[in-house]
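Quick notes on the structure that follows.
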Amino acid sequence: MATIDSKIPKGPLAEKWTRYKNTQKLVNPANKRRLDIIVIGTGLAGASAAATLGELGFNVINFCMQDSPRRAHSIAAQGGINAAKNYQNDGDSIYRLYYDTIKGGDYRAREANVYRLAEVSNNIIDQCVAQGVPFAREYGGTLANRSFGGAQVSRTFYAKGQTGQQLLLGAYSALSRQIAKGTVKEYNRREVLDIVIIDGRARGVIVRNMLNGKIERYAAHAVVMATGGYGNAYFLSTNAMHSNGSVAMQAYRKGAYFANPCYAQIHPTCIPVHGDYQSKLTLMSESLRNDGRIWVPKKKEDAEAIRAGKLKPTDIKEEDRDYYLERRYPAFGNLVPRDVASRAAKERCDAGFGVAPSGLAVYLDFSEAINRLGRKAIEAKYGNLFQMYEKIENENPYETPMKIYPAIHYTMGGIWVDYELQTSVPGLFAIGEANFSDHGANRLGASALMQGLADGYFVLPYTIQNYLSDQIQVPRFSTDCAEFDEAEKAVEDKIKKIMAVQGDKTVDDLHKELGHIMWEYVGMARTKESLTLAIEKIKALREDFWKHVYVPGKAEDLNIELGKALRLIDFFDIGELMARDGLNRNESCGGHFRTEFQTEEGEALRQDEEYSYVSCWHYKGEGVEPEMLKEPLDYEETERKTRNYKN
Amino acid sequence: MAKSINITLNIWRQKDAKTKGHFETYALKDISTNASFLEMLDILNEQLVKEHKEPIAFDHDCREGICGMCSLYINGHPHGWETEITTCQLHMRKFKDGDVITIEPWRSRAFPVIRDLMVDRSAYDKIMQAGGFVSVNTGGVPDANAIAIPKPIADEAMDSASCIGCGACAAACKNGSAMLFVSAKVSQLALLPQGKAEAAARAKNMVAKMDELGFGNCTNTGACAAECPKGVSLTNIARLNREFLCAKLKD
Amino acid sequence: MSFFLINSSIGRKLVMSISGMFLILFLTFHMCMNLVAIISPEGYNTVCEFLGANWYALVGTAILAGGFIIHILFGLLLSIENRRARGNDRYAVTARPKTVEWASQNMLALGIVILALLGLHLYHFWAKMQFVELQAMAGVEVDSNLLANATNGYGLIEQTFSSPVVVALYLVMLCALWFHISHGFWSSLQSMGLSNSVWLKRIQVISMVYATLLVAGFAVVVIFFFVKSIL
């Protein structure tokens, strides 16, 4: 059995990163020019890494599947980005940010990585301001902060409700500058379909040009994947339509461990599903729970009447409303963490108290806050969100409560990386949401942006040099070699196989079926039985796919359905892996809730003795059960505690 | 409450930039008014695929109004006639039973059609590469609070920065001008002290690239700002003019 | 640096706006001068004499003509470029957003209308006044009657605006002029960069008011003499 070496530097937690930087190997400027690096993805992590590596003098090849690097889904992040600046003088520190992140992650993250993340968080803010990111400011001209879930300090920097957009455009502008300089070559509308391994090292990629279906080859000394999360395995999620886990699956199939796949974050405040034509879900910021009260009717007949359209929520009397979060968690009320709020909503709806025609929604009611603070105050705080809600739902949330329901939002699991962000395949690196390292079992709000930029600007550009320093003698690669031939052939064969099926189901039909399985059996509350069933059902669905899928058009052409089919194949594997991991993890922690493991009050019950490890899944071949390796999580600095939100 | 409507679609179909395009008419039945416009097109595409026909190519990604990828010209307006929304935020409840909806791609020389409703907007990336940045490398920057920026300036810069690069401005402009896009970026960075150092060069380089790529000349009709899904204002264009002319006059 | 006025889109727009502003300035003087005709025929004829074929008036006329030519040439150049920038296929359905002025999208057409009627105007007045004097100076034989009347602008006005057809054409021209200037005035300032979030609305309003005053000034004279002729 392979051993897991996470390469965590020796020494006290707070000194590890400094020590690493002091002793790591570097590449001199003349040699940098001779080294090629492929970066897949142009989100916060990808764009910032490609730009920084380009600035350092490496030769970067960057891919994105949209028409422009600026479209990556990091752009949709609303709330903000955390940093331990302590500008508010409220007692924040690097340690405190580190501690909140570890605790928020339900003690399933790697200490050293999280501490480093907190350490570089401040540099990110400096960097972004220097790039011209228009963060919100106070009248005195200094930066403004707001508070976010899971923290007792105000450390979140923001740019209106468009922080992700502004940070991404900052990274994109840095990337644009390098493209103009020629250090980064940008390839848009390209989908990476395989990673090429030569002599055990990642040396290139096989890419499909989405405009003409041509298969292209690119070689480099190292490959960085910054391809985001795999939440779209559920079909409906807050991810963008093109977000996918395909590169992660290719890496996995080429030997990279997939870590903690079952940790998926379900965000409690999303606009509910209204029909089977629905393509995606829209998030409403977590901040709404500061003033909104969540409830469902106390009486089933009221809920039924609402579903049938006979009653309006405003018709339900105060005493007939069940403010279930306030009832169950008196101390935290509506401000319990995301996972807790999500499960509670599901519990009520499953019990038949859900509202909206589907029965899959609860109310988020602002009437009390409007009465207390006045409509103006609420408008100032949440005006843009209310407007967004009104556009989608056609209901005025000032007058009638919002309908919300949980939805898949972020995946904490991902490709396993060591302290250097290198996967178990030498020369293959994973950054941002694509890796698993920093959020443990649950991610705190405003931390995803922080991690993406930390990896891309300040971590990978250092650590990759430690790998590349012994590659300077390796000449530039040609793609004319057996390994590339083989990988390209495998991709072409797969495409041919898909095109040959010519069945009677569309890709979306099948993807929706997968989504139903995932949501039903690998969703918010999982059991041994549901997970076992999910594995079986996914296997059957995969077979169904290979028998019945219909992809129109030609392979060597712009073919949207083919692209979706290729991604769906990988989502099957991800779904199965998530279920398998969830089945293995006999505990409840963060985004993974096993019904069997809960306290009497229905709270998550961790099993630290047995499960404080990272489960690393090692591919063993098509149709063969993967091997599970454990990276123990040794907590040197932090004591594990149980989270309590009741009192 | 959700209703269902029947609609007729006139959709532009075009194989590639070189082939002549044409309209095709599709009838869609029982479309829920809760569906978004793009979901309505998904339904149509599912139907086409089931009939073994080629689905309609259109760009889309985040479907929450921020990525800037969706780009449909609906009944004479980019992103439809509702103000300050993208196509993905347009819902079918805005249409009536029996409506005929004409959907066209962005039409501008600098945005050649790739297929059907999908156009090539890489010209905007090229303009950004010409100067839409602050020349600062990663690391070695001053503390974020080292330079105080008055709130009104920061807010104005934020308003300019909210551009999503969708191309609706050039698509709406009868001159095919990209001035609103270019001016939004030039303004954002000219307003902030961090971007001032190279403001003159930025304005000159971005305008030169814009002209080179075949965008038209601004005649201040204001259609760009009226159709902008993010409400980017015409005053950005005035600022760009000012920045550019001052830079040229100083040379 | 000098080439940016021709090479760059913003430079070309600057030329358009400066020449446009110059023409507005000219029209302002022209309109004020016209108003004199209502107040005092003698005063008006003195102005006409003053602006006869003497060197300063001729230099002024040449500069004015230059301004026109530059404005027209650049206008055409920009319009041709803008048409090309639109691409080969046109939208099948177009709609004008509420905030977009009709005039702003039809400046070329309005310009052509104005230009055509300007030809008529030159034929009516300039050809009978300054041009006649010029011909005389150049030694060309001219009707002595014409020459004698060359500075009797007042008489010419009375005569010209007694025809309902001419009056109607002039009113059409003034109408086109109003649209052209109501957009052109603020657009010119905007192109020069003289606008911001506070002033944008203001210059748009000023533009409307100014265009209205200007056109009203011209129209008053036309209507005044027409009414006078039929009374």
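Note that the protein sequences, when read in sequence, are chains F, C and L.
This note's numbering numbers the first residue of the first sequence as 49 and each following residue consecutively.
This note's numbering numbers the first residue of the second sequence as 103 and each following residue consecutively.
This note's numbering numbers the first residue of the third sequence as 39 and each following residue consecutively.
The beta-carbon is built from N, C-alpha and C at its ideal position, and this holds for glycine as well.
Taking the C-alpha atoms as reference points, what is the distance between residue i and residue j?
i: residue 372/F; j: residue 419/F; result: 21 Å
i: residue 187/F; j: residue 210/F; result: 20 Å
i: residue 98/L; j: residue 321/C; result: 29 Å
i: residue 433/F; j: residue 691/F; result: 30 Å
i: residue 321/F; j: residue 276/F; result: 24 Å
i: residue 614/F; j: residue 303/C; result: 45 Å
i: residue 126/L; j: residue 211/C; result: 7 Å
i: residue 76/C; j: residue 172/C; result: Lying before the first or after the last residue shown, residue 76/C is absent from chain C, which here runs from 103 to 353.
i: residue 228/F; j: residue 470/F; result: 29 Å
i: residue 527/F; j: residue 262/F; result: 15 Å
i: residue 641/F; j: residue 391/F; result: 9 Å
i: residue 112/L; j: residue 202/L; result: 35 Å
i: residue 444/F; j: residue 452/F; result: 14 Å
i: residue 644/F; j: residue 663/F; result: 20 Å
i: residue 39/L; j: residue 45/L; result: With a pLDDT of only 49 at residue 39/L, under the threshold of 50, the placement of this residue in the model should not be trusted; the figure read from the coordinates follows. Taking the straight line from one Cα to the other gives about 10 Å.
Report the option in the options whose CA atom is closest to the CA atom of residue i.
i: residue 116/L; options: 160/L, 49/L, 163/L, 94/L; result: 49/L
i: residue 241/C; options: 217/F, 103/F, 137/F; result: 103/F
i: residue 327/C; options: 350/C, 261/C, 347/C, 309/C; result: 261/C
i: residue 364/F; options: 413/F, 338/F, 318/F; result: 413/F
i: residue 139/C; options: 118/C, 209/C, 176/C, 124/C; result: 176/C
i: residue 218/F; options: 315/C, 252/C, 233/C; result: 233/C
i: residue 542/F; options: 567/F, 492/F, 616/F, 628/F; result: 616/F
i: residue 66/L; options: 265/L, 256/L, 262/L; result: 256/L
i: residue 245/L; options: 52/L, 58/L, 162/L; result: 58/L
i: residue 657/F; options: 644/F, 651/F, 689/F; result: 689/F
i: residue 174/F; options: 143/F, 191/F, 553/F, 278/F; result: 191/F
What is the DSSP secondary structure of residue i, counted as helix, strand or coil?
i: residue 354/C; result: The requested residue 354/C does not occur in the structure, where chain C is confined to residues 103 to 353.
i: residue 329/C; result: helix
i: residue 154/F; result: coil
i: residue 678/F; result: strand
i: residue 266/F; result: strand
i: residue 252/F; result: strand
i: residue 109/L; result: helix
i: residue 483/F; result: strand
i: residue 648/F; result: coil
i: residue 194/F; result: strand
i: residue 321/C; result: coil
i: residue 412/F; result: strand
i: residue 523/F; result: coil
i: residue 311/F; result: coil
i: residue 39/L; result: In this predicted model, residue 39/L has a pLDDT of only 49, less than 50, meaning its place in the structure is not dependable; the value taken from the coordinates is given anyway. Coil at residue 39/L, not helix or strand.
Would you list the residues sitting across from residue i in a DSSP beta bridge?
i: residue 233/F; result: 109/F
i: residue 306/F; result: 463/F, 665/F
i: residue 204/C; result: 112/C
i: residue 345/F; result: 369/F
i: residue 180/C; result: 175/C
Please tell me whether residue i and residue j are closer than 7 Å, where the distance is taken between their beta carbons.
i: residue 212/F; j: residue 610/F; result: no
i: residue 42/L; j: residue 352/C; result: no
i: residue 132/F; j: residue 141/F; result: yes
i: residue 309/F; j: residue 153/F; result: no
i: residue 259/C; j: residue 290/C; result: yes
i: residue 160/F; j: residue 150/F; result: no
i: residue 208/L; j: residue 260/L; result: yes
i: residue 280/C; j: residue 317/C; result: yes
i: residue 483/F; j: residue 638/F; result: no
i: residue 34/L; j: residue 89/L; result: What is shown of chain L runs 39 to 269, which leaves residue 34/L out entirely.
i: residue 285/C; j: residue 342/C; result: yes
i: residue 256/C; j: residue 590/F; result: no
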